[in-house]
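Undergrad:
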Amino acid sequence: MEKSNEQDSMLDAMRIVELRDTDQPPKDAPMEEEDEISRVIDTDKALGFDFGGNKDEVRDVLRRREIEEVKRFKALDDRKSFVWFVQGFVVVFQCLFYPGMLEVLPAMAIPRLAFACKPRCFSLRPSLVHCFGKVGFGSVAAIQPLDDSESIIKHAILNSDHSHAKEGSESSRKKPQWKKLNAKDLGITTSMIDRPTRKVLNGLKKKGYEVYLVGGCVRDLILKRTPKDFDILTSAELKEVMRAFSRCQIVGKRFPICHVHLDDTIVEVSSFSTCERNFSRGFNYEFEGLDDGCDEKDYIRWRNCLQRDLTINSLMFDPYARIVYDYMGGIKDIKKAKVRTVIPASTSFQEDCARILRAIRIAARLGFRFSRETAHFVKHLSFSISRLDRGRLLMEMNYMLAYGSAEASLRLLWKFGLLELLLPIQAAYFVRSGFRRRDTRSNMLLSLFSNLDKLLAPDRPCHSSLWIAILAFHKALFDHPRDPLVVAVFSLAVYNGGDILEAVNIARKIIKPYDDSFYELLEPRDLDFQTLKDEVMDLAASIKGALSKMTDEYFVSQAMAGYPQAPISDLVFIPLALYLRVSRIFECVIGRAERGFVSKQGREIDYESLAMGSLPEVRHTFARIVFDTVYPLNLS
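For the record, in the sequence shown the residue sitting at position 622 is 1077 according to our numbering, with numbers rising by one throughout.
1. Secondary structure at cysteine 713, three-state DSSP: helix, strand or coil?
2. Could you work out which residue in Asp954, Ile755 and Lys1004 is closest to methionine 992 when comparing CA atoms only?
3. Considering Cα atoms alone, identify which of Asp788, Leu867 and Ile880 is closest to phenylalanine 933.
4. Between the Cα of histidine 831 and those of Ser803, Asp1061, Val669 and Leu1031, spot the shortest distance and give me the residue it belongs to.
5. Could you pull the start and end residues of the alpha helix (DSSP H) that threonine 652 belongs to?
6. Is it buried or exposed, serine 701, if we count other Cβ atoms within 10 angstroms and call 16 or more buried?
7. Look at the alpha carbon of serine 626 and the alpha carbon of alanine 943, and state the distance between them as a whole number of angstroms.
8. Can you look up cysteine 703 in the DSSP assignment and give me helix, strand or coil?
9. Going by C-alpha distance, which of Arg820, Asn960, Ala927 and Val666 is nearest tyrosine 780?
10. For threonine 1076, does the three-state DSSP call read helix, strand or coil?
11. Please list the terminal residues of the continuous alpha helix (DSSP H) segment that includes glutamate 1095.
12. Measure the beta-carbon distance from arginine 777 to asparagine 637 and round it to whole angstroms, keeping in mind my assumption that it falls under 8 Å.
13. Under the rule that 16 or more other beta-carbon atoms within 10 Å means buried, what is methionine 1067, buried or exposed?
14. Any idea what DSSP makes of leucine 836, helix, strand or coil?
15. Can you list, in chain order, the residues of its chain with a C-beta nearer than 6 Å to that of valine 1085? Leave out the 5 residues immediately preceding and following it.
16. Report buried or exposed for isoleucine 985, applying the criterion of at least 16 other Cβ atoms within 10 angstroms of its Cβ.
17. Going by the CB atoms, is the gap between valine 715 and valine 706 shorter than 8 Å?
18. If we count Cβ pairs, one from each stretch, closer than 8 Å, do we get three or more for the stretch 855-866 versus the stretch 809-825?
19. Shortest alpha-carbon distance to glutamate 828 belongs to which of Lys967, Asp686 and Val794?
20. Can you grab the Cα-Cα spacing for the pair alanine 1017 / glycine 872, in whole Å?
21. Do proline 1022 and leucine 876 count as a contact pair if the criterion is CB distance below 8 Å?
22. Report the partner residues of leucine 636 according to the DSSP bridge assignment.
23. What whole-angstrom Cβ distance do leucine 836 and isoleucine 811 have, given they're in contact under 8 Å?
24. In whole angstroms, what separates the C-alpha of alanine 1001 from that of glutamate 1059?
25. Run through DSSP, which three-state label would isoleucine 1023 get?
26. Could you pull out every residue in the same chain whose Cβ sits closer than 6 Å to the Cβ of serine 902, ignoring the five residues on either side in sequence?
27. On the DSSP bridge assignment, give the partners of methionine 855 in chain order.
28. Sorted by chain position, which residues of the same chain lie with C-beta nearer than 6 Å to serine 725's C-beta, five sequence neighbours on each side aside?
29. Which first and last residues belong to the alpha helix (DSSP H) in which phenylalanine 945 is found?
30. Quick one, which of Val673, Phe1010, Asn1089 and Glu751 has its alpha-carbon nearest lysine 683's?
31. Is it buried or exposed for isoleucine 1080, if we count other Cβ within 10 angstroms and need 16 for buried?
32. Count the other CB atoms within 10 Å of the CB of aspartate 603; is the residue buried (16 or more) or exposed (fewer)?
33. In the DSSP output, which residue or residues are listed as bridge partners for isoleucine 687?
34. In whole angstroms, what is the alpha-carbon distance linking alanine 814 and leucine 867?
35. By the 10 Å Cβ neighbour count, where 16 or more other Cβ atoms means buried, how is proline 979 classified, buried or exposed?
36. Excluding the 5 residues flanking asparagine 739 on each side, which residues of the same chain have their C-beta closer than 8 Å to its C-beta?
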């Protein structure tokens, strides 16, 4: 039987190779492959990625991945057999030397089996192996073991009161003093609100509805920062908002909101009535008592604020009365630069695990620190983000890395144990380079994103293809360090559309010193033109290879396999259309120089084109980031 299965696998592999070498789909099953290609393109379009290639390009990628899948399953079977053998040996050894293990084996095996049966869960190393003691792997950045999901949730619930007791005022969850502050005293003026948002506010106010600005935009206005967007809360029903404006769309099922389209801008409008329905549908946490002087409107606003994720996001601003309502102590936490959940963090994060990533993003963007309780549950409930779908994870990662706070976000993701779940390849780099959880030093990956941050802001984001290209570039360079001149020529060739000769002539005139603290860069050598050209093209090919590995679930799952205490994550959230889009950034270097390409003059960035993913703009910004990292301006 085993021989028959092996023969079938070999025949499948031979058939896949035949598919790769032919230009047409196989005659015996043409519709299945064409349907799969159409499905991939439709899925990526549904995720918001406009596919710019043709079906042949998708077919080549799918066939290549199918060949890799055959090899992968064979390697996985071999690895599982070895792991089962080791586990069996350990169990026998423990039963011989620790007779008491016979009594607890059934209890340990049943939860383990249940956890293993969960689809697409972050698998953990066998707990029996850890009975020997902690495993050290010779690195100062040792990974802390993470418990399985059931035990963590029980631990979080049972110990939430104990955690609160450590937090002092947070422990008892006493009702914060309700505050109604003059917006002028906080430095907020209506001129700080953009024109499309003012039009929506005025349109609803004229029809007699109450309107408020809510969430992060109020926080940013108090901090004198430019809000990423403005969110409006109104007493009108969403259907009434639809009737008030011509171009509207209600989106979302669990928490529906209305997108109002004005002046090429989308303004988000939510309704008190929607929030009340969600509140009564299962929200059972309330502070003790209410303010003596509260009225019905105060109570409605307070109930709405209870559903917010963080206290600093729970502020409401009435632009007509010029009053900021603070029911959750948000102003106090802003002054203390603290990120704290509105309700107990264990409850908040289990209610919506995406709040963990939002808390990381906001803390990174503002430079705030977590409260003790919030930090505890960010770390110990980090596994729960595996419940989010890939599209949501990509969106959250883009919010972190594309809006000017990428370096700080990566540091926090690493500090709290989320990086090995979201970006295992980059987490492995941190471990191998001896980067501690609370390390304040930098490295090349962080320097690349630091230079990206200097060019971006919440109102000037980049397209996701740019930061994915940076990740792939660094992965290739870390796997195979290069001469700094090779990296300089490569970045210039990307910038000018693939003209390597021009790039070499410019790069040889560089007299600035390179940053020799990066071990991704070799000592400079005297390279002739042909050798330099070959190495540049090899670097471009290596980057495309690294990008392919970043979208390969099996390779991603092996990134942290050398560290027994680390969770194994095979999470890949880069869709095929985005993978192909990033690949095109470097195609000009690998193939022929693009005809008629005119390199961009000056250092000004067209941020509208960059946010849309314009290829010339993305190439220009990528080259600038790489060049400024290798040859920093402030290096003496």
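Don't be surprised by glycine CBs; every beta carbon is placed ideally from N, CA and C.
TA: Reading it off the structure:
1. As a working note, residue 713 is residue 258 in the sequence shown. Under the three-state reduction of DSSP output, cysteine 713 falls in the strand class.
2. Taking the first residue of the sequence shown as position 1, residue 992 is located at position 537. Selected option, being the one with the closest Cα: Asp954.
3. What you label residue 933 is simply residue 478 of the sequence shown in a count that begins at 1. Of the listed residues, the one whose Cα sits closest to phenylalanine 933 is Ile880.
4. As a working mapping, residue 831 is identified with position 376 in the sequence shown. Nearest of Ser803, Asp1061, Val669 and Leu1031 to histidine 831, Cα basis: Ser803.
5. Reading the sequence shown from its first residue, position 197 is the one you call residue 652. Taken as a continuous stretch (DSSP letters only), the alpha helix (DSSP H) holding threonine 652 covers 650-661.
6. Here residue 701 corresponds to residue number 246 of the sequence shown, with the count starting at 1. Serine 701 is exposed by the Cβ-count criterion.
7. As a position in the sequence shown, residue 626 is number 171, starting the count at 1. As a position in the sequence shown, residue 943 is number 488, starting the count at 1. With a pLDDT of 44 at serine 626, under the threshold of 50, the modelled position of that residue is not reliable, and the figure given next carries that caveat. About 55 Å.
8. Along the sequence shown, one-based indexing puts residue 703 at 248. In the three-state DSSP reduction, cysteine 703 falls in the strand class (E or B).
9. Working through the sequence shown from its first residue, we reach residue 780 at position 325. Nearest option by C-alpha distance: Val666.
10. By one-based count along the sequence shown, residue 1076 stands at place 621. Looking at threonine 1076 - three-state DSSP - the assignment turns out to be helix.
11. Any property of residue 1095 remains undetermined from this structure, which presents the chain solely from 456 to 1091.
12. Taking the first residue of the sequence shown as position 1, residue 777 is located at position 322. Taking the first residue of the sequence shown as position 1, residue 637 is located at position 182. Yes, they are in contact, since the Cβ atoms of arginine 777 and asparagine 637 sit about 7 Å apart, within 8 Å.
13. Along the sequence shown, read from residue 1 onward, the residue named residue 1067 stands at position 612. Looking at its Cβ environment, which holds fewer than 16 other Cβ atoms inside 10 Å, methionine 1067 is exposed.
14. What you label residue 836 is simply residue 381 of the sequence shown in a count that begins at 1. Leucine 836: coil per DSSP, three-state reduction.
15. On the sequence shown, residue 1085 is found 630 positions in, with the first residue counted as 1. Result list for valine 1085: Pro939, Val942 and Tyr969, in chain order.
16. Counting from 1 along the sequence shown, the entry for residue 985 is found at position 530. Correcting the residue identity first, residue 985 is glutamine in this sequence and not isoleucine. Exposed is the call here.
17. The residue you call residue 706 lines up with position 251 of the sequence shown. The residue you call residue 715 lines up with position 260 of the sequence shown. No; because the gap between Cβ atoms is not below 8 Å, this pair is not in contact.
18. Contact between the stretch 855-866 and the stretch 809-825 is present: three or more C-beta pairs spanning the two stretches fall below 8 Å.
19. Mapped onto the sequence shown, residue 828 falls at position 373. The shortest C-alpha separation from glutamate 828 is found at Val794.
20. What you label residue 1017 is simply residue 562 of the sequence shown in a count that begins at 1. What you label residue 872 is simply residue 417 of the sequence shown in a count that begins at 1. Looking at the sequence itself, residue 1017 is glycine, so the reference to alanine does not match. So the two alpha carbons sit approximately 17 Å from each other.
21. Position 421 of the sequence shown, counted from the start, is the residue given in the question as residue 876. Position 567 of the sequence shown, counted from the start, is the residue given in the question as residue 1022. Between leucine 876 and proline 1022, the C-beta gap is smaller than 8 Å, which places the two residues in contact.
22. The residue given as residue 636 occupies position 181 in the sequence shown. By DSSP's assignment, leucine 636 forms a beta bridge with Val779.
23. By 1-based counting over the sequence shown, the position of residue 836 is 381. By 1-based counting over the sequence shown, the position of residue 811 is 356. With a Cβ gap of about 7 Å, leucine 836 and isoleucine 811 count as contacting.
24. Within the sequence shown, the letter at position 546 stands for residue 1001. Within the sequence shown, the letter at position 604 stands for residue 1059. Cα to Cα, alanine 1001 sits roughly 30 Å from glutamate 1059.
25. Position 568 of the sequence shown, counted from the first residue, corresponds to residue 1023. In the displayed model, isoleucine 1023 falls within a strand according to three-state DSSP.
26. On the sequence shown, residue 902 is found 447 positions in, with the first residue counted as 1. So the list reads Thr1084, once near-sequence residues are dropped.
27. Taking the sequence shown and counting its residues from 1, the one referred to as residue 855 is at position 400. DSSP lists no partner for methionine 855.
28. If you number the sequence shown from 1, residue 725 lands on position 270. Leu688 and Ile712.
29. In the sequence shown, counting from the first residue as 1, residue 945 sits at position 490. Note, phenylalanine 945: alpha helix (DSSP H), 939-950.
30. Taking the first residue of the sequence shown as position 1, residue 683 is located at position 228. The residue from Val673, Phe1010, Asn1089 and Glu751 with its alpha-carbon nearest to that of lysine 683 is Val673.
31. Locating residue 1080 in the sequence shown gives position 625, where the first residue counts as 1. Label assigned to isoleucine 1080: buried.
32. Sequence index remark: in the sequence shown, residue 603 carries index 148 (1-based). Low confidence applies here, because aspartate 603 scores a pLDDT of 38, under 50, leaving its location unreliable; read the following figure in that light. Aspartate 603 comes out buried.
33. Within the sequence shown, residue 687 is the residue found at index 232, counting from 1. For isoleucine 687, which the question treats as bridged, DSSP gives the partners Leu668 and Val724.
34. Within the sequence shown, numbered from 1, the residue matching residue 814 stands at position 359. Within the sequence shown, numbered from 1, the residue matching residue 867 stands at position 412. CA-to-CA, the gap between alanine 814 and leucine 867 works out to about 10 Å.
35. Walking along the sequence shown from the start, residue 979 turns up at place 524. Exposed, by the Cβ-count rule.
36. Position 284 of the sequence shown, counted from the first residue, corresponds to residue 739. Low per-residue confidence applies at asparagine 739: pLDDT is 48, beneath 50, and the placement is therefore not dependable, though the value from the model is reported in the following sentence. So the list is empty, once near-sequence residues are dropped.
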